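> Numbering (our numbering), first residue to last: 99 to 503. Beta carbons are placed, not taken as given, at the ideal position from N, Cα and C, and that holds for glycine. Only a predicted model underlies this, so the values are computations on that prediction, with no experimental measurement involved.
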């Protein structure tokens, strides 16, 4: 008979000594997963439909920055340099894949050093496609591919890259923001909004374009990132429960009032009014984090959407980077149906609708997930998957007592 096997970590000189507890794996907060999935869907929906009220109903960018700030604060329990390197490793390879395809297409269509009027600096500016500390260069006014890709596709490709640039700067600044947050929480949280006010009311003037644009992004959404960090640190939980529902609606109303009195009705949206955007996003995120039910498992009514939400979270960077091009391709292909006489005469109402384009867009996004999404797995040092919706999760292993002899 073989001797009984002791659990790993148990003291064989003292059988009564407890075994070493296994390291606990962090549990995903499904509420945050839901918010991220809704934010991504709203971004795609808004960029196709263009309805100005959509960012008011759900300020996706503020929510996404808040969720990222929460994760960053949790990661900063490790050494900051290690955390920053890990975040950059996860963020940049999907951008490099987009840049390799996009920049190659621009060069093939004739874009080069003389295009921007600065031949000596052109190659240097391409470095921003590798480390996007500022906006990467792209070609304006390129012709598309007839029937497939619309004109000025490079501008559409580069449109979402401001988010990557802002995200990178938030990551680099997070160790300092976390220290400031612990020392002066209220001042740190409100400082980006104060900076947005300084820009809006012309108290602060900065030369050039690159540095002011980065500071504008920080002033607009920095408070949301810091709110996410404050939530993870337990700072928001120390606020009296009645305070947030009392204050946040007033801040939101102030932001909406400012937007309505500064061009919101004349074809502008919150993105065109950074100060109003900062107030509205801050208030909405504050309320969403205040509610924060912290689901470790889905409520029953959300269980049917588990795979979809898991997929959107697993490929969030890929979806965000490629969705603009998918919209452009979908709209270009749909417009070709106007060439069919029957469609133009009898189904013009359908051809004028954006809903079929939305469906085609999501089909194209699905194809981008298959073709390009694996890079997110490579960046995270995971086994690449084509369709990571959680359906291949292994079932929990059942224990049958001691090891078989």
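1. Helix or strand or just coil, what does DSSP make of residue 266?
2. Quick one: Cα of residue 483 to Cα of residue 469, how far?
3. Does the distance from the CB of residue 174 to the CB of residue 134 come in under 7 angstroms?
4. Let me confirm a value: residue 444 is counted as buried when at least 16 other C-beta atoms fall within 10 Å, else exposed. Which label applies?
5. Excluding the 5 residues preceding and the 5 following residue 106 in the sequence, name in chain order all residues of the same chain whose CB lies nearer than 6 angstroms to its CB.
6. Would you call the segment 305–321 and the segment 361–378 touching, i.e. three or more CB-CB distances under 8 angstroms?
7. Quick check on DSSP: helix, strand or coil for residue 161?
8. Closest by CA to residue 383, which one among 199, 154, 303?
9. If contacts are defined as beta-carbon pairs under 8 angstroms, then residue 226 and residue 252 qualify, I think. What distance do you get, rounded to the angstrom?
10. How far does the alpha helix (DSSP H) with residue 345 in it extend, from its first residue to its last?
11. I'd like the list of long-range same chain contacts for residue 265, defined as Cβ closer than 8 angstroms, with 5 residues on each side in sequence excluded.
12. Between residue 156 and residue 329, what straight-line distance do the alpha-carbon atoms span, to the nearest angstrom?
13. For residue 353, tell me which candidate among 336, 366, 381, 338 has the shortest Cα-Cα distance.
14. Where does residue 243 sit, in a helix, a strand or coil, going by DSSP?
15. Given that a residue counts as buried once 16 or more other Cβ atoms are within 10 Å of its Cβ, and exposed if not, what is residue 146?
16. Could you give the first and the last residue of the continuous alpha helix (DSSP H) run that contains residue 478?
17. Can you give me the Cβ contacts of residue 504 inside the same chain, cut-off strictly under 8 angstroms, excluding the 5 residues immediately before and after it?
18. Let me know the secondary structure DSSP gives residue 379 once reduced to three states.
19. Count the other C-beta atoms from every protein chain shown that fall within 10 angstroms of the C-beta of residue 421, then say buried if there are 16 or more, exposed otherwise.
20. Work out the CA separation of residue 138 and residue 476 for me, nearest whole Å.
21. Report buried or exposed for residue 424, applying the criterion of at least 16 other Cβ atoms within 10 angstroms of its Cβ.
22. Assuming residue 439 is part of the alpha helix (DSSP H), what are its boundary residues?
23. At which residues does the alpha helix (DSSP H) containing residue 317 begin and terminate?
24. So for residue 335, helix, strand or coil by DSSP?
25. Under DSSP, the alpha helix (DSSP H) around residue 411 begins and ends at which residues?
26. Classify residue 433: buried if its beta carbon has 16 or more other beta carbons within 10 angstroms, exposed otherwise.
27. Can you tell me where the alpha helix (DSSP H) with residue 228 in it begins and where it stops?
28. Below 7 angstroms CB to CB, which residues in the same chain sit around residue 152 once its five sequence neighbours on both sides are set aside?
To lay it out plainly:
1. Here residue 266 refers to the residue found at position 168 of the chain shown. Here residue 266 sits in helix by DSSP.
2. As a position in the chain shown, residue 483 is number 385, starting the count at 1. As a position in the chain shown, residue 469 is number 371, starting the count at 1. Taking the straight line joining both Cα atoms gives about 10 angstroms.
3. As a working mapping, residue 174 is identified with position 76 in the chain shown. As a working mapping, residue 134 is identified with position 36 in the chain shown. Not closer than 7 angstroms, so no.
4. Within the chain shown, residue 444 is the residue found at index 346, counting from 1. With fewer than 16 other Cβ atoms within 10 Å, it is exposed.
5. Here residue 106 is taken as the residue at index 8 of the chain shown, counted from 1. For residue 106, the pLDDT reaches just 38, beneath the cut-off of 50, and the residue's location in the model is therefore unreliable, although a value from the coordinates is still provided. Excluding residues within five positions, none has a Cβ falling inside 6 angstroms.
6. yes
7. Locating residue 161 in the chain shown gives position 63, counting from the first residue. Looking at residue 161 - three-state DSSP - the assignment turns out to be helix.
8. Position 285 of the chain shown holds residue 383. Among 199, 154, 303, the Cα nearest to that of residue 383 belongs to 154.
9. For the purposes of this step, residue 226 is identified with residue 128 of the chain shown, where counting begins at 1. For the purposes of this step, residue 252 is identified with residue 154 of the chain shown, where counting begins at 1. Wrong, their Cβ atoms sit about 14 angstroms apart, outside the cutoff.
10. Translated into the one-based positions of the chain shown, residue 345 becomes position 247. Its alpha helix (DSSP H) spans residues 341–358.
11. Your numbering for residue 265 matches position 167 in the chain shown. Answer for residue 265: 163, 166, 189, listed in chain order.
12. The sequence position of residue 156 within the chain shown is 58, counting from 1. The sequence position of residue 329 within the chain shown is 231, counting from 1. Straight-line Cα distance between these residues: approximately 19 angstroms.
13. Translated into positions along the chain shown, residue 353 becomes position 255. Answer by Cα proximity: 381.
14. As a first step, residue 243 must be located in the chain shown, where it is residue number 145. Note: residue 243 maps to strand in three-state DSSP.
15. Counted from its first residue, the chain shown places residue 146 at position 48. Buried, because 16 or more other Cβ atoms sit within 10 Å of the Cβ of residue 146.
16. Walking along the chain shown from the start, residue 478 turns up at place 380. Where residue 478 is concerned, there is no enclosing alpha helix (DSSP H), given that its DSSP letter is neither H nor E.
17. The chain is shown only over 99 to 503; residue 504 falls outside these bounds and no answer can be derived.
18. For this step, residue 379 is matched to residue 281 along the chain shown. In the structure shown, residue 379 sits in a helix (DSSP, three-state: H, G or I).
19. Here residue 421 is taken as the residue at index 323 of the chain shown, counted from 1. Classification for residue 421: buried.
20. Taking the chain shown and counting its residues from 1, one reaches residue 476 at position 378. Taking the chain shown and counting its residues from 1, one reaches residue 138 at position 40. Taking the straight line from one Cα to the other gives about 22 angstroms.
21. Counted from its first residue, the chain shown places residue 424 at position 326. Answer is buried; the Cβ neighbour count reaches 16.
22. Start at 1 with the first residue of the chain shown, and residue 439 comes out as number 341. 439–444 is the span of the alpha helix (DSSP H), which, as asked, contains residue 439.
23. Stepping through the chain shown from its first residue, residue 317 is reached at position 219. Here the alpha helix (DSSP H) through residue 317 covers 308–330.
24. One-based indexing of the chain shown puts residue 335 at position 237. Three-state result, residue 335: helix.
25. The residue given as residue 411 occupies position 313 in the chain shown. From DSSP, the alpha helix (DSSP H) with residue 411 extends over 404–412.
26. Your numbering for residue 433 matches position 335 in the chain shown. The residue in question, residue 433, is exposed, as its Cβ has fewer than 16 Cβ neighbours within 10 Å.
27. Within the chain shown, numbered from 1, the residue matching residue 228 stands at position 130. Residue 228 -> no alpha helix (DSSP H), and no H or E assigned at all.
28. Within the chain shown, numbered from 1, the residue matching residue 152 stands at position 54. Once the five neighbours on either side are set aside, the close Cβ partners of residue 152 are 140, 143, 144.
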